[in-house]
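Chemist: Just so you know, we're using this note's numbering here: the sequence shown kicks off at -5 and counts up by one.
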Amino acid sequence: MPKTLNRKTEFELCHLLFNSWLQSLYPPEYAYDTADRLLSLASKDPKNAALSSFTYTYDQLGNRLTKTTPAEQSGYAYDVLSRLLSATEKKQPLKSNPSRTVEQYAYDPAGNRLSGPKQNQAYSYDPANELLQVRDIFFTYDNNGNVVTKAEENKTFQFLYDAENKLTEAIKVTSSTASTTARYNYDPFGRRIEKNVGGKIEKFFYDNEDILFITDGTNRITQSFVHGPGIDEPLAINQTKPVSTAELHKTLSQLASVLQGMLLGNSLATTVTVSMPVPKTDTFFYLYDGLGSIIGLTDSKGKIVQKYDYDSFGNLKGQGQGSVKQPYTYTGREFDQEAGLYYYRARYYDAGVGRFLQRDPYSGFKFDVQSLNLYPYLESDI
-5 MPKTLNRKTE FELCHLLFNS WLQSLYPPEY AYDTADRLLS LASKDPKNAA LSSFTYTYDQ
55 LGNRLTKTTP AEQSGYAYDV LSRLLSATEK KQPLKSNPSR TVEQYAYDPA GNRLSGPKQN
115 QAYSYDPANE LLQVRDIFFT YDNNGNVVTK AEENKTFQFL YDAENKLTEA IKVTSSTAST
175 TARYNYDPFG RRIEKNVGGK IEKFFYDNED ILFITDGTNR ITQSFVHGPG IDEPLAINQT
235 KPVSTAELHK TLSQLASVLQ GMLLGNSLAT TVTVSMPVPK TDTFFYLYDG LGSIIGLTDS
295 KGKIVQKYDY DSFGNLKGQG QGSVKQPYTY TGREFDQEAG LYYYRARYYD AGVGRFLQRD
355 PYSGFKFDVQ SLNLYPYLES DI
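#1: Between the beta-carbon of Leu335 and the beta-carbon of Tyr342, is there less than 7 Å?
#2: Determine the direct distance from the alpha carbon of Pro64 to that of Gly346, and round the result to whole angstroms.
#3: First and last residue of the beta strand (DSSP E) that includes Gln217?
#4: Please say whether Ser374 and Arg58 have beta carbons closer to each other than 7 Å?
#5: Under three-state DSSP, which class holds Lys89?
#6: Who are the near neighbours of Gly348 in its chain, counting only those whose CB is closer than 7 Å to its CB and skipping five residues on each side?
#7: Compare the C-alpha of Pro92 against each of Asn309, Glu66 and Thr174 and name the closest.
#8: Kindly indicate if chain B contains any beta-carbon less than 7 Å away from that of Gln54.
#9: On a Cα-Cα basis, can you pick out the residue from Tyr280, Asp305, Leu154 and Gln217 that is closest to Ala333?
#10: Report yes if the CB atom of Gly105 is closer than 7 Å to the CB atom of Asn367, and no otherwise.
#11: Could you check what DSSP says for Thr162 in three-state terms: helix, strand or coil?
#12: Classify Ala263 as helix, strand or coil using the three-state DSSP reduction.
#13: Span of the alpha helix (DSSP H) holding Val363?
#14: Please determine, among Ala164, Asn202 and Asn213, the residue with the shortest C-alpha to C-alpha distance to Ile225.
#15: Could you say which of Phe279, Thr95 and Gly56 lies nearest to Val74 if we only look at CA atoms?
#16: Which term fits Phe361, buried or exposed, when burial requires 16 or more other beta carbons within 10 angstroms of its beta carbon?
#17: How would you write the range of the beta strand (DSSP E) that Glu196 sits in, first residue to last?
#18: Which same chain residues, not among the five before or five after Leu291, have their C-beta less than 6 Å away from its C-beta?
#19: Express the C-alpha separation of Ala44 and His221 in angstroms, rounding to a whole number.
#20: Within 10 angstroms of its Cβ, does Met(-5) collect 16 or more other Cβ (buried), or is it exposed?
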């Protein structure tokens, strides 16, 4: 027991020290109003140069009205139930550029989306608020209300669940002969501990709800993370690259030359140095907005190496600009590229339609009709 306690204490101390160093390296600056609403968020590099900057305004109900960055300003309009009706964008400088509408939504009395984000995108539902069709995409459900198929023009997704309605398989079929299967396993606490996509395995190891590190099928650590004190607050990622085949081939060739010389009786009076390749680890730091969404990654020198942008409900624009592969994106949650879904622990979220695949296990309030609809994202409030 003392040995275990000491190891845990040592780990926690290292985690706190690294977290403290990280915050001093990239100290985010926050400002709030008297209602504790975030007014501004800014991050700077070690030389005090701006990395990201956001300012926000709100209506009397606390709905976000504007989000302003050095590049543009986004504006939002809501109905009387605080559901998002439209989103606009205006490039900087604001006085010189017109505002354009980029998203528009309409809803039925139950809170189901009837159109959006484009005006020509119509939705249809059954009496149980299950989405049946939007554009040329069709959905079917099992008896528990879980989406089991999502059929599009050029591909179909099939979803399988366990007895607790947790997603266990996502099968992507692109033709009669081509398909990709993703399998998911969970621990007794409901945390996803393994993902197998077409034979490529990732295993997840946790500290409470936060992923500490990820290993591959050979149990080699490929990524490790540092998290902040809040939920879904990744701060840094360490990414380990395996030794390449070319590096291994070079080393083996050097060794072969030395051995050949020994076999031929050549003199070894001169020392021969053979460099053994070692895995390379890169550290990147997360930048995020006021919603907690990841909007960028910086390297250890403060250079932005990856950018992310989203619409109001989490659709990635361009799938992220950069070459760093890492899981966290919208609201700090994991995005599964293979299924096009966000993993929100208890459920999976389809940002394309603003709905979850599974029903909310919480049944809502009888006096709040919107809460009785168990599929929409945050009752369509951003």
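C-beta atoms are modelled at their ideal positions from N, C-alpha and C, and glycine is treated no differently. Model, not experiment: these values are computed from the prediction.
Modeler: Short version:
#1: yes
#2: 27 Å
#3: Ile215 to His221
#4: no
#5: helix
#6: Arg107, Phe307, Pro370, Tyr371 and Ser374
#7: Glu66
#8: In the displayed structure, chain B is absent; only one protein chain is listed.
#9: Leu154
#10: yes
#11: strand
#12: Because Ala263 sits at a pLDDT of 48, beneath the cut-off of 50, its placement in the model cannot be relied upon, and the following sentence gives the value as read from the coordinates. DSSP places Ala263 in coil when its eight states are reduced to three.
#13: Val363 to Leu366
#14: Asn202
#15: Gly56
#16: exposed
#17: Lys194 to Asp201
#18: Phe278, Val299, Gln300 and Val318
#19: 22 Å
#20: Interpretation of Met(-5) is limited by its pLDDT of 39, a score under 50 that renders its predicted location unreliable; the figure taken from the coordinates is listed afterwards. When all chains shown are included, Met(-5) counts as exposed.
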